[in-house]
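Take a look at the structure set out below.
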Amino acid sequence: DGGITQSPKYLFRKEGQNVTLSCEQNLNHDAMYWYRQDPGQGLRLIYYSQIVNDFQKGDIAEGYSVSREKKESFPLTVTSAQKNPTAFYLCASSRDLNQPQHFGDGTRLSIL
Amino acid sequence: AQRVTQPEKLLSVFKGAPVELKCNYSYSGSPELFWYVQYSRQRLQLLLRHISRESIKGFTADLNKGETSFHLKKPFAQEEDSAMYYCALSFSTDSWGKLQFGSGTQVVVTP
Chain A
78 DGGITQSPKY LFRKEGQNVT LSCEQNLNHD AMYWYRQDPG QGLRLIYYSQ IVNDFQKGDI
138 AEGYSVSREK KESFPLTVTS AQKNPTAFYL CASSRDLNQP QHFGDGTRLS IL
Chain B
234 AQRVTQPEKL LSVFKGAPVE LKCNYSYSGS PELFWYVQYS RQRLQLLLRH ISRESIKGFT
294 ADLNKGETSF HLKKPFAQEE DSAMYYCALS FSTDSWGKLQ FGSGTQVVVT P
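Line by line, the protein sequences are chains A and B.
The first sequence begins at 78 in our numbering and counts up by one.
The second sequence begins at 234 in our numbering and counts up by one.
Listed below in structure tokens is the structure:
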């Protein structure tokens, strides 16, 4: 689904640094989501946004922050408060909260 | 707390054999359930959703509220069915956006 672009594909962070993962969609979807995936586990919801300028915490929001200033963009910042940030991060979008979600290719974040 | 359990990490079946992926959930409300699939080198995508009552690529899934299960079945597996499958539950009473995913089942179909 080329409508959702996550960048970069791989990201390295030094301890104590904040890092921002990009997610852009051109599907004109109102809702956007961020998930974290760890080995042997399913996807866990970090944050989601139903509409521009609105977002809600998911199950594991601590140590993360988001913004939704534009409909097409939903960047995720992994802050230094996130003690175990090494993971695979997936962004998704949907027409609204009641429609199926479309996923990006993901960003793999590693700590140096 | 809401939980989705996929007990099998890996399911290996022969081509033409039936395949069943188990999914059990715990949720006190009325669930909406989905199966997502990720083929090799492709993105995670929706396979089917309970409310649609569809059969996609020969797969079906029946919600059994008594057993709190939403198992995915296909009578004759094909090699192209090899993929990672995730069961997901929507546990919000007013929207389906907040999904709880299971840990996934890797399906390998051998000729």
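Backbone N, C-alpha and C define an ideal beta-carbon position, used for all residues, glycine too.
Using the beta-carbon count (16 or more within 10 Å), is Tyr-258(B) buried or exposed? buried
Thinking C-alpha only, which one of Trp-268(B), Val-340(B), Gln-333(B), Phe-247(B) is nearest Val-237(B)? Gln-333(B)
DSSP bridge partner residues for Cys-320(B) (one or two, in chain order): Note: Cys-320(B) sits in a beta bridge opposite Trp-268(B).
Per DSSP, Glu-101(A) is paired with what? Per DSSP, the beta-bridge partners of Glu-101(A) are Thr-82(A), Ser-150(A).
Any beta-carbon of chain B closer than 9 Å to the one on Thr-159(A)? First, the amino acid is wrong: residue 159(A) is Gln here, not Thr. So no, Gln-159(A) is outside the interface.
Counting only Cβ pairs nearer than 8 Å, list the residues of chain B close to Pro-177(A). Phe-267, Leu-279, Arg-282
The beta strand (DSSP E) that contains His-283(B), what's its start and end? Element bounds for His-283(B): n/a, residue is neither H nor E.
Under 8 Å by Cβ, that's how I've got Tyr-319(B) and Leu-305(B) pegged, so tell me the actual separation to the nearest angstrom. Incorrect: roughly 10 Å between the Cβ atoms, too far for contact.
Quick one: give me the first and last residue of the beta strand (DSSP E) that Leu-277(B) is part of. Neither: Leu-277(B) is in no beta strand (DSSP E) and is coded neither H nor E.
So what does Ser-171(A) bridge to, in DSSP terms? Ala-108(A)
Am I right that Val-342(B) and Lys-242(B) are in contact with their C-beta atoms under 8 Å? What's the rounded C-beta distance? In fact, because the Cβ distance is near 16 Å, the residues do not count as touching under 8 Å.
Per the contact definition of three or more C-beta pairs closer than 8 Å, is the region 181–188 of chain A in contact with the region 123–138 of chain A? no
Would Gln-94(A) be called buried (16 or more neighbouring beta carbons within 10 Å of its own) or exposed? With fewer than 16 other Cβ atoms within 10 Å, it is exposed.
Tell me whether Lys-298(B) is buried or exposed, calling it buried when 16 or more other Cβ atoms sit within 10 Å of its Cβ. exposed
Cβ of Ala-237(B) within 9 Å of any chain A Cβ: The residue you asked about is not Ala; residue 237(B) is Val in the sequence shown. Output row for Val-237(B): interface = yes.
Start and end of the beta strand (DSSP E) containing Arg-145(A)? That residue, Arg-145(A), is in no beta strand (DSSP E); it is neither H nor E in DSSP.
Kindly say whether Tyr-125(A), judged by its beta-carbon, lies nearer than 9 Å to any beta-carbon of chain B. yes
Could you check the C-alpha separation between Gly-291(B) and Lys-307(B) for me, to the nearest Å? 6 Å
Per-residue contacts from Gln-118(A) into chain B (C-beta, under 7 Å): The contacting residues are Ser-336.
Is any beta-carbon of chain B found at less than 9 Å from that of Leu-174(A)? yes
Count the other CB atoms within 10 Å of the CB of Thr-97(A); is the residue buried (16 or more) or exposed (fewer)? exposed
Cut-off 6 Å between Cβ atoms - residues of its own chain near Leu-254(B), not counting five sequence neighbours on either side: Leu-305, Tyr-318, Thr-338
State the start and end residues of the unbroken beta strand (DSSP E) segment that holds Val-340(B). 338–343
Count the CB pairs spanning the region 160–173 of chain A and the region 106–126 of chain A that are closer than 8 Å, and state whether there are at least three. yes
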